[in-house]
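Taken in order, these protein sequences are the chains called C and S. Going by the numbering used here, the first sequence opens with residue 1, and the numbers climb by one from there. Going by the numbering used here, the second sequence opens with residue 668, and the numbers climb by one from there. Worksheet for the structure shown next.
Number of protein chains: 2
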Amino acid sequence: MPNTTLEEKCVNTIRTLTIDAVQEAGSGHPGMPMGMADAAFVLWTKFLKHDPSHPQWHNRDRFVLSAGHGSMLLYSLLHLTGYDLSLEELKNYRQWGSLTPGHPEYGLTPGVETTTGPLGQGIGTAVGMAIAEAHLAASFNTSQFPVTDHYTYALISDGDLMEGISHEAASLAGHLQLGKLICLYDSNNISIEGNTNITFTENEEKRFEGYGWHVQKINGHDRNAVEEALQNAQEKTGKPSVIICKTHIAQGSPNKHDTAAAHGSALGEEEVRLTKENLGWDPDKKFYIPDEVLQHYRKAKENGKKWYQKWNNLWDDFAEAEPQKAEQLDRQIHRKFADNLSDDLPEFEVKEGGMATRNASNTVLNAIHKQLPSLIGGSADLAGSTKTILDGTGDFGPDDYVSKNMHFGVREHGMAAAVNGMALHKGVIPYGATFFVFSDYARPSIRIAALSEIPSIFVLTHDSIGLGGDGPTHQPVEHLASFRAMPNALTLRPADANEVSWAWKAAVEYQNGPSLIILTRQNVPIFDRDEVADASLTQKGAYILADSAKETPDVILIGTGSEVQLALEAQRKLEADGVHARVVSMPSWELFAEQDQAYQDEVLPPSVKARVSIEAAATLGWERWIGSEGTAIGVDKFGASAPFKKIYENYGITTDRVIEEANKLLA
Amino acid sequence: MPNTTLEEKCVNTIRTLTIDAVQEAGSGHPGMPMGMADAAFVLWTKFLKHDPSHPQWHNRDRFVLSAGHGSMLLYSLLHLTGYDLSLEELKNYRQWGSLTPGHPEYGLTPGVETTTGPLGQGIGTAVGMAIAEAHLAASFNTSQFPVTDHYTYALISDGDLMEGISHEAASLAGHLQLGKLICLYDSNNISIEGNTNITFTENEEKRFEGYGWHVQKINGHDRNAVEEALQNAQEKTGKPSVIICKTHIAQGSPNKHDTAAAHGSALGEEEVRLTKENLGWDPDKKFYIPDEVLQHYRKAKENGKKWYQKWNNLWDDFAEAEPQKAEQLDRQIHRKFADNLSDDLPEFEVKEGGMATRNASNTVLNAIHKQLPSLIGGSADLAGSTKTILDGTGDFGPDDYVSKNMHFGVREHGMAAAVNGMALHKGVIPYGATFFVFSDYARPSIRIAALSEIPSIFVLTHDSIGLGGDGPTHQPVEHLASFRAMPNALTLRPADANEVSWAWKAAVEYQNGPSLIILTRQNVPIFDRDEVADASLTQKGAYILADSAKETPDVILIGTGSEVQLALEAQRKLEADGVHARVVSMPSWELFAEQDQAYQDEVLPPSVKARVSIEAAATLGWERWIGSEGTAIGVDKFGASAPFKKIYENYGITTDRVIEEANKLLA
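The following block contains the structure:
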């Protein structure tokens, strides 16, 4: 047996815990944790400022495992350093109900900062965390009281760097000169299909230098080199850092190191034994942690306690010296809302020509911003079109981390991941904006927000064929249905300016996933709320906007967004013909589905089977609300390039069509 | 008026046509066509080998306008060089029914090689075209008969290069050493939100050098420099080329050049006049094309005729010298199928333990490959898991363009765009594979395939919570619904190995959009086709797999994919209890929706209202098939990390649940 130092034992404990857990589960990715154990050990024991007893401590360093498949690296470190994650949990890796799922999940496991696995997103999320840190530091710190002052570390892999989002995120981080973002890149030249030379031969040094990063390249198994590189990275302010760690995948495994076989499969009983022997471990012991190793790692708890206490003292002094700042920052960190948010929502008067809901959204956004200065965000190079510019603040950029108008560039995916990271960091309420159709580009990160219940806000304008001349490449059709099918995603498609007010309120208050505020490019009428129901009913997801004269209507017309006006007009015309129609505005399926059955039945009485829905989007799913006997008017093909009224006409999204379908149902 | 040369007039004609068309439409993007008119003129008149009379000529150079918003550049050139696109069409820019939509659409306008607008994808598609060219050249050309031998040009913009997909595509192209891919990069430092210095400050030279590209940087208005650079790019074999053209957006507009105002809005009447005056144009003339300009551009027709004829002669000689090769290539180009494709589909016998549909897919893929050697494709670093490796051929790579197993790397979006480009090029039937959940990463390009009716094939495995331990980050839930909502996308989720055979056939034969073959990771039974209906009925989208003893069943159980077995088992148990159930397997909603009403009613008799659907996915949309009175069993929340049977049990995706819901409906 080799005579190993304490450090080596500490590193090898990560390796052996990993191979035992993966072997026990019968699946998993042992190679990365074994390869990066050295570098992770150095980072976690010599650099990372955290307190395992307070995983939500505001000023902790963030650690993002972008290569989420190497989850056992993180679980090992969390257990070893004393987070509330028992060894039993590690033994239950990938089992039902455990805190150790195949890929790390935020909200489930203490110390997991973000959900990773879908590659590349961890980098983007880390960029968002670093942005939030920079913004809060610039906005609240004083020279005496650096209450927000931490690093964001990310461990990234070859797979992460192949993904497009890594480009968007790294380019944005370089531009923003996020000096406190430090990435350890596990460059092991192995991906699942084999050696990376079969497809991934780019020069990462040049690439990241091109992005304006500080680049170092080291032997990732040389712990002194790792330490030195991390030191250099910290000292290099003004540039994000990437440390290219050349490593051997499955380091320690005599027969599987440097092979793709160790990437995504258990080593096998025999190789586990051989690896343990090779590492000086007792091959008969499973999940073995030498006492001195645990002791060494557990210093994190003492250190954490000290750091945490020191910071709390700092905070107390800060609160005394700068009470207003401290109160505001505290409100932001804990996402406390103004009590009177509803009072301050804009009310819109009827206006000749109406108003695009994207324009109303700008008014509402700015009104809310006055109550909620933690709002910060921007657009993927479409700010003028998405109407997401905040008044009274400038452009967030490398020379100004205080201002709140962010320029994400044409980087929808990077934007969404950054917005997630900002929300996860806490202290800000972030939003990102683009055209609804380009939500496709951001979809993987919107999904992560949904899965992890991250309250990211997305403003998605140009929401249908109603955008006109830009044509079908820009006209969403299937997007509403696609997000309605996504668990935890809250879709909001307000019908007029006043519904926009309440949609924004719902979005800001929703905490269990992303909110999608879906808005028109074109003008729509502002309904006269003296004649129709109060817009605050938007919060119920659907409501009777305008009832029929008859108590039980002959037919129910259900619309969302820009099509509600067509239902309203149809109602008037039908009424003139003696047909009594009820108009239901349904800005949010999810909110409506949450209402009790009594309310749902009040809005959509089960006895009324004649129902027509109208929405300029795919009809998929509308049967849920209109039943088997109803008719869904929608768009089940791609759009067209023309002035929007022309398209609506040709696609049959018209008042006449509503009337026709209603009459058909009643015939 | 300045005294301008013919060349200058030619260039300025692009500018004036652009500003007139955008002004007339009231919307559009004049800036890019004005800025890139010089470079495009040089490319189109001095380099591009094409025949405006034969836009589908196999050996034409491809030109991809990745910056699709600058569509007027392309429409101007197509009209000027003599494609079947009248001046009237240019006057009807962005109007209903015109051939000149806001963004170029493949299949609509002769000479448009691919649909662009959603940024970044044009580059990815061009990479696919260059791949197809390289593969066909390597596979069929002889030194005497280079029947496939053309360049692929792409015009790309700042916005393209901010998108993540540009990274994936460029990295792949660099690795593959696609020397005949040449990109003109319009580096005008202006994007919609303003100067690119607000967010996009990376060093593109370093970045592309990092990718292994040949990089040149020139003044994009210096036509001699453009010519020289294109010459160099052609001479530089073994590396793709990017020519960074420093340009002024809206060059020629006295007040709007170099401004973001000219990016996405009409110049305005006054500025249009001033621009024309500045360019030596009569400001009162609209859509004016000087005779000598038209004459000059129309040389393309004579040249095209000559090239086309020359190539046809070459082809004739080739066909004589190499009749087998010529016949095979001809079959591939025209996507002719083996007549006996059905005969050669594998039939699978019942097998102890069953078989994962992904495994069956590998057998089928290889059987079809024997009939269709034009099949080529691979996976985004998951070949072993997606089971998409072709036997009897090696790895496609820079040293071997003949082999057909492609390694796309962890680049799902780049893969999908490349697959689209390969399909658009013709001569190959391309496929791309990944886990179903990662279709999100590729979604924008799958949408382009749907919109443009590109027959790309996507193999999407690990299709539900059934994948087990990898957990919710890897378990698709909303994806089936999201694609069912996408027009033209064909989803196929076969229930067993024999349905896989027919699903593949349907996928290969479908020409109106992308096919998605959705497959399990876990084993599922192979049904005994002597006892249940023939698997060829898969082609109808849904069919009676096993009928009830009673002519009109009491209840219909509808399943897809891995859940059909649960319906079958429930049927047997229900029958034992005297409940007569019919089992319908529904591998494809789209194919079933295409069947006539009589067939649909035969499978799902309107009189039978008791219907239970079971599918381990979001239930959204199932009401379409089960009606208001039916019950949809599904997964309307995110998954979990555990062995798959445990998850199925806990999520209520079980035979018992089917029985329970059926009995409830019948009670």
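Backbone N, C-alpha and C fix where the C-beta goes; we use that ideal spot for every residue, glycine too.
Per DSSP, reduced to three states, the secondary structure at VAL215 (chain C) is strand. Looking only at S:LYS1054, S:THR1053, S:GLY1076, the smallest Cα-Cα distance to PHE1063 (chain S) is reached by S:GLY1076. One alpha carbon belongs to TYR510 (chain C), the other to ILE517 (chain C), and they sit about 12 Å apart. Closest option to GLY795 (chain S), judged by alpha-carbon separation, among S:GLU1282, S:ASP984, S:ILE832: S:ILE832. The C-alpha of THR926 (chain S) lies about 10 Å from the C-alpha of SER920 (chain S). If you draw a straight line from the Cα of ASN855 (chain S) to the Cα of HIS915 (chain S), it comes to about 5 Å. Under the 8 Å Cβ criterion, the region 654–661 of chain C does not count as touching the region 471–487 of chain C, having fewer than three qualifying pairs. Under the Cβ criterion (8 Å, minimum of three pairs), the region 451–464 of chain C does not count as touching the region 1254–1272 of chain S.
Using a CB distance cut-off of 8 Å, ASN203 (chain C) counts as an interface residue toward chain S. Residues of the region 870–885 of chain S with a Cβ closer than 9 Å to any Cβ of chain C, in chain order: ASN870, GLU871, GLU872, LYS873, ARG874, PHE875, GLU876, GLY877, TYR878, GLY879. Sequence-ordered contacts of the region 833–856 of chain S with chain C read SER833, HIS834, GLU835, ALA836, ALA837, SER838, LEU839, GLY841, HIS842, LEU843 [C-beta pairs closer than 9 Å].
For HIS842 (chain S), the secondary structure class from DSSP, reduced to helix, strand or coil, is helix. Per DSSP, the unbroken beta strand (DSSP E) holding HIS1074 (chain S) starts and ends at 1072–1074. Look at THR1101 (chain S): its C-beta is not under 8 Å from any C-beta on chain C. Restricting attention to beta strand (DSSP E) runs no shorter than 3 residues, the region 252–278 of chain C encloses none.
If you look at LEU451 (chain C), you'll find it isn't in any beta strand (DSSP E); it sits in the alpha helix (DSSP H) that goes 439–452.
Counting only Cβ-Cβ distances below 8 Å, LEU741 (chain S) has no contacts in chain C at all, with the closest Cβ about 14 Å away.
Residues of chain C whose Cβ lies closer than 7 Å to the Cβ of ASP1303 (chain S) are, in chain order, PRO487. Here the region 45–60 of chain C makes no contact with the region 13–21 of chain C; the two share fewer than three CB pairs at distances below 8 Å. Cα atoms of SER1106 (chain S) and ARG443 (chain C): separation of roughly 10 Å, rounded to the nearest angstrom. Per the coordinates, the alpha-carbon of GLY784 (chain S) lies some 59 Å from the alpha-carbon of GLY1245 (chain S). In terms of beta-carbon proximity, THR782 (chain S) lines the interface with chain C, with at least one pair separated by less than 8 Å. Scanning the region 719–795 of chain S from its first residue to its last, the whole beta strand (DSSP E) runs of 3-plus residues come out as 729–732. Only ALA1307, SER1308, ALA1309, PRO1310, LYS1313, ILE1314, ASN1317 from the region 1307–1328 of chain S bring a Cβ to less than 8 Å from some Cβ of chain C. Excluding residues up to 5 positions away in sequence, LEU1157, LEU1159, SER1182, THR1205, GLN1206, SER1255, LEU1258 lie with their Cβ nearer than 8 Å to the Cβ of ALA1173 (chain S) in the same chain. If you check the CB distance, SER641 (chain C) and GLY466 (chain C) do not come in under 8 Å.
The straight-line gap separating the alpha-carbon atoms of ARG727 (chain S) and GLU938 (chain S) is approximately 38 Å. When DSSP reads this structure, PHE435 (chain C) sits in a beta bridge with C:THR461. Residues are counted here when their Cβ sits less than 7 Å from a Cβ of chain C; for the region 1136–1160 of chain S these are GLY1136, ASP1137, GLY1138, PRO1139, THR1140, HIS1141, VAL1144, GLU1145, ALA1148, SER1149, ARG1151, ALA1152, MET1153, PRO1154, given in chain order. Per DSSP, THR631 (chain C) lies in no alpha helix (DSSP H) segment; the continuous beta strand (DSSP E) that holds it begins and ends at 631–633.
The three-state secondary structure of VAL11 (chain C), taken from DSSP, is helix. Interface with chain C (8 Å Cβ-Cβ cutoff): HIS770 (chain S) is included.
Rounded to whole angstroms, the gap between the alpha carbons of LEU744 (chain S) and ALA933 (chain S) is 20 Å.
The beta-carbon separation of ASP705 (chain S) and VAL678 (chain S), rounded to 5 Å, stays under the 8 Å limit for a contact.
In this structure, the CA atom of LEU294 (chain C) is about 26 Å from the CA atom of ILE156 (chain C). Chain S has no Cβ within less than 8 Å of the Cβ of ALA416 (chain C).
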